[in-house]
Amino acid sequence: MGNRLSKIYTRTGDDGSTGLGDGSRTGKDSLRVEAYGTVDEANSTIGLLLASEIPEPMRELLTSVQHQLFDLGGELCIPGHAAISDDDVTRLEQHLDQYNAPLPPLKDFILPGGGDAAARCHIARTVVRRAERCTVALSRVEDIRAQPVRYLNRLSDLLFVLARVLARESGHGEVIWRHERRNA
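The numbering of the sequence shown is the numbering used here, which starts it at 8 and goes up by one.
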């Protein structure tokens, strides 16, 4: 393992810059910092979801996802580094298919909610979507591999399906958007 932090504050960022994983410095408001910072935020929201009562297989999956998000953040923090593979994306797709298979097909939009764990899962989903948008924005101006964007895209889809599962398993059920509510 690399350097351990013995002192949390360094004062090196007081000028509005931060160090990247390759030792270079960039503005704290750069697209790169926004992208890996939002991935970190997404990871934290999954940690909040893991503080809820969820089934053990889902807990194991989400813990694995947290490790991969940490790797993905590292990839974005170190220009030229590769950490997320096509296999990582494929594994998300397999879990997505597994959890989605028993669910009824969607006929309506679902509102965030459906119990504590499902609501937390929806929050995680929206933060992952923002991380995806930030990473796409970064990819427009710097060389970013396709795998991080694809991973974030599949992860947000997976979190949507997991929220559906959690809402149903909790007994709260899914919250369906009522588009005809104004006429009722």
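No residue lacks a Cβ here, since even glycine has one placed at the ideal position from N, Cα and C.
Given the structure is predicted, the values throughout are model-derived calculations rather than measurements.
Q) If proline 86 sits next to leucine 27, beta carbons under 8 Å apart, how far is it from one beta carbon to the other, in whole angstroms? A) Taking the first residue of the sequence shown as 1, we reach residue 86 at position 79. Taking the first residue of the sequence shown as 1, we reach residue 27 at position 20. At roughly 7 Å, the Cβ-Cβ gap stays under 8 Å, so proline 86 and leucine 27 are in contact.
Q: Grab the span of the alpha helix (DSSP H) containing threonine 133 for me, first residue to last.
A: Walking along the sequence shown from the start, residue 133 turns up at place 126. Threonine 133: member of the alpha helix (DSSP H) spanning 123-146, first to last residue.
Q. If we ignore side chains and look at the alpha-carbon of each, how far apart do glutamate 139 and arginine 18 end up?
A. Counting from 1 along the sequence shown, the entry for residue 139 is found at position 132. Counting from 1 along the sequence shown, the entry for residue 18 is found at position 11. Approximately 30 Å between the Cα atoms of the pair.
Q | Whole beta strand (DSSP E) elements within the stretch 17-68, 3-residue minimum | A | DSSP runs (the beta strand (DSSP E)) wholly in the stretch 17-68: 24-26 and 32-34.
Q: Pick helix, strand or coil for leucine 118, following the three-state DSSP scheme.
A: Here the question's residue 118 lines up with position 111 in the sequence shown. Strand at leucine 118.
Q.
To the nearest angstrom, how far is the alpha carbon of valine 182 from that of arginine 39?
A. Residue numbering aside, residue 182 sits at position 175 when the sequence shown is read from its first letter. Residue numbering aside, residue 39 sits at position 32 when the sequence shown is read from its first letter. C-alpha separation (whole angstroms): 36 Å.
Q | Contacts around arginine 193, its chain only, beta-carbon distance under 6 Å, and the 5 residues preceding and following it disregarded | A | Residue numbering for the chain in the displayed model covers 8 to 191; residue 193 lies beyond these limits and cannot be assessed.
Q.
For the structure I just gave you, are there three or more beta carbon pairs, one from the stretch 50-59 and one from the stretch 69-85, closer than 8 Å?
A. Flag = yes, the stretch 50-59 and the stretch 69-85 touch.
Q) In terms of residue numbering, what span does the alpha helix (DSSP H) encompassing leucine 169 cover? A) In the sequence shown, residue 169 corresponds to position 162, counting from 1. Note, leucine 169: alpha helix (DSSP H), 153-177.
Q: Alpha carbon to alpha carbon, how far is alanine 170 from leucine 69? Give it in angstroms, no decimals.
A: Within the sequence shown, residue 69 is the residue found at index 62, counting from 1. Within the sequence shown, residue 170 is the residue found at index 163, counting from 1. When only Cα atoms are considered, leucine 69 and alanine 170 end up about 12 Å apart.
Q: Using a threshold of 7 Å, state whether the C-beta atoms of leucine 135 and valine 143 are closer than that.
A: Within the sequence shown, the letter at position 128 stands for residue 135. Within the sequence shown, the letter at position 136 stands for residue 143. For the sequence presented, residue 135 should be read as valine rather than leucine. In this structure, valine 143 does not lie closer than 7 Å to valine 135 by Cβ.
Q.
Check whether the stretch 85-105 and the stretch 121-130 touch, using three or more Cβ-Cβ pairs below 8 Å as the test.
A. Here the stretch 85-105 makes no contact with the stretch 121-130; the two share fewer than three CB pairs at distances below 8 Å.
Q. Mind checking whether glycine 122 and serine 163 have CB atoms under 7 Å apart?
A. By 1-based counting over the sequence shown, the position of residue 122 is 115. By 1-based counting over the sequence shown, the position of residue 163 is 156. No, these two residues do not count as a Cβ contact at 7 Å.
Q) Just how far apart, CA to CA, sit valine 172 and glutamine 105? A) Residue 172 sits at position 165 when you count from the first residue of the sequence shown. Residue 105 sits at position 98 when you count from the first residue of the sequence shown. Straight-line Cα distance between these residues: approximately 11 Å.
Q | Of the listed residues Val168, Glu67, Gly23 and Ser31, nearest to proline 112 (C-alpha basis) | A | As a first step, residue 112 must be located in the sequence shown, where it is residue number 105. It is Val168.
Q: Give me the Cα-Cα distance between proline 62 and leucine 56, rounded to the nearest whole angstrom.
A: In the sequence shown, the residue the question calls residue 62 occupies position 55. In the sequence shown, the residue the question calls residue 56 occupies position 49. The straight-line gap from Cα to Cα measures roughly 12 Å.
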